[in-house]
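K.L.:
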Amino acid sequence: MNDTQLNEIVDAIVRELKASGAVTKTSASSSGTPASPSSTLVASPAVPAQPRANYQLPITNLSIDLPDPTLDEHRYKMRVKNPKDANGVKAMIASTTARIGVGRAGPRYNTASLLLFQGDHAVTQDALYRDVDQKLLDEFNLFTVQTKITGGKQEYLLRPDLGRQLNDDAKRIVNEKCQKNVNIQLCVGDGLSAAAIEANLRQIFPVIKQGAQAAGLTFGTPFFIKYARVGVMNDIGEIIKPDVVILLIGERPGLGRAESMSAYMAYKPKTGDSDADRDVVCNIFENGGTNPLEGGAFVIQIAQKMMKHKASGVKLKTAT
Ligand code: B12
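Start counting the sequence shown at 1; every next residue gets the next number (my numbering).
Next comes the structure, spelled out in structure tokens:
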């Protein structure tokens, strides 16, 4: 299906919604810019959409008369019509962040649920496809190296194996710039969410650095890895030979939850090590997850434990 056909379908749906009174035609949208029915109603594509140069909207002054579904009061609204036990449904909705009690229009989602899903999906896509803000990396003097990914985020998604290996330049630069044989080597990787790094780095970085120094541990030269997967820790271990590698990395974003970061850790990581040799402090984010300040302190405690038992992952569990 081409863009024109797709837009014809979208416009037909908008006409249907207008006829049913769900949308109204006004002289201008609230933002002052004419709202695009197509951009509101078409499902987010798998890759960021390209601007459509030649397409002219048949309706230029349309606004959608629905409340913002991402606001909490609408996000957690009970939408089941005529429930047998309204309080029971409300209690279930309040007990989880899962999408329950959303109601339906015949066999379909109702419009508010669909828009919420699409809004959340857009947040996820933005987090995944965006790069970490360079200003943030500069604030912490993090130089950037890259894995063997050369074809951008699309290749990153399709080739996790390449994201687990530093490219040759990266190996050389890390070898030149980084202090070797340190106790703690901290690295930051974009992983699957730039937003996660941006949301947490400012808080967690100083806690880890100062925590290490306060514990009398040497803290190596931190750096940033673009297109990073967890397994890249092995290459870092081979070059720097630290006791513990800590990799702060963006977790796979959930729908509407993009700021969750993990700290993956390993004792003397080396080629061939697997996740069984690693530990993870996951779900690091403010307001609902592991607070980044606490997360940083926890990471240092685990690092000390790893050094004490000379082990990480499953071996550490069996040693303690
Ligand atoms: C995707 C995922 C998986 C996938 C990983 C496959 C892949 N190639 O991506 C699969 C299904 C294999 C998996 C398996 C497991 N997972 Co898992 N996983 C996740 C998830 C949803 C996202 C991870 C992510 O975004 N990583 C970042 C990206 C950039 O990393 P990556 O390099 O692409 O992928 C690596 C990591 O994801 C890592 N990994 C995934 N899970 C785990 C768990 C542990 C303990 C470790 C050390 C590493 C690890 O394996 C991948 C390959 O190296 C998280 C949820 C979350 N909130 O983080 C849970 C999560 C990390 N997993 C968890 C667990 C418990 C497991 C299992 C132990 C479950 C089990 N009982 O078998 C196994 C063990 C993993 C292993 N390889 O040994 C827990 C960890 C809790 C904790 N603090 O210990 C989490 C937080 C889920 C949860 N809330 O319970 N997992």
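We treat Cβ as the ideally placed atom computed from N, Cα and C, and that holds for glycine.
It should be emphasised that the depicted structure is a prediction, and the values quoted were computed from it without experimental measurement.
May I ask you to verify whether the stretch 172-180 touches the stretch 215-234, counting CB pairs closer than 8 Å and requiring at least 3?
P.N.:
Touching, per the Cβ criterion.
K.L.:
I need the residues with a C-beta less than 6 Å from some heavy atom of the ligand B12; please give them in chain order.
P.N.:
Ordered along the chain, the selected set is Pro160, Gly191, Leu192, Arg229, Val230, Gly231, Ile249, Glu251, Arg252, Ser260, Ser262, Asp275, Ala276, Arg278, Asp279, Val280, Cys282, Asn283.
K.L.:
Is it buried or exposed, Ala303, if we count other Cβ atoms within 10 angstroms and call 16 or more buried?
P.N.:
Label assigned to Ala303: buried.
K.L.:
Please report how far the alpha carbon of Tyr109 lies from the alpha carbon of Met78, in whole angstroms.
P.N.:
The alpha-carbon atoms of Tyr109 and Met78 are separated by roughly 13 Å.
K.L.:
Should the stretch 188-203 be called in touch with the stretch 235-253, which here means at least 3 C-beta pairs below 8 Å?
P.N.:
The stretch 188-203, when compared against the stretch 235-253, does touch it at the 8 Å Cβ threshold.
K.L.:
For the alpha helix (DSSP H) that contains Arg164, what are its first and last residues?
P.N.:
Premise fails: Arg164 is in no alpha helix (DSSP H) and is neither H nor E.
K.L.:
Report buried or exposed for Arg202, applying the criterion of at least 16 other Cβ atoms within 10 angstroms of its Cβ.
P.N.:
Exposed is the call here.
K.L.:
Ala263 and Val281: beta carbons closer than 8 Å?
P.N.:
Against a cut-off of 8 Å, the Cβ pair of Val281 and Ala263 comes out as a contact.
K.L.:
Apply the 10 Å Cβ neighbour rule to Arg323 and answer buried if 16 or more other Cβ atoms are within range, or exposed otherwise.
P.N.:
Residue 323 lies beyond the range of the chain shown here (1 to 320); nothing can be said about it.
K.L.:
Give the straight-line distance between the Cα atoms of Ser312 and Ile100, rounded to the nearest whole angstrom.
P.N.:
Spanning the two alpha carbons is a distance of roughly 39 Å.
K.L.:
Quick one, are the C-beta atoms of Lys308 and Ile239 less than 8 Å apart?
P.N.:
Taking 8 Å as the Cβ cut-off, Lys308 and Ile239 do not qualify as a contacting pair.
K.L.:
By how many angstroms is the C-alpha of Val123 removed from the C-alpha of Lys241?
P.N.:
C-alpha separation (whole angstroms): 38 Å.
K.L.:
According to DSSP, which residues form a beta bridge with Thr147?
P.N.:
DSSP, once it has assigned bridges, lists Leu166 as partnering Thr147.
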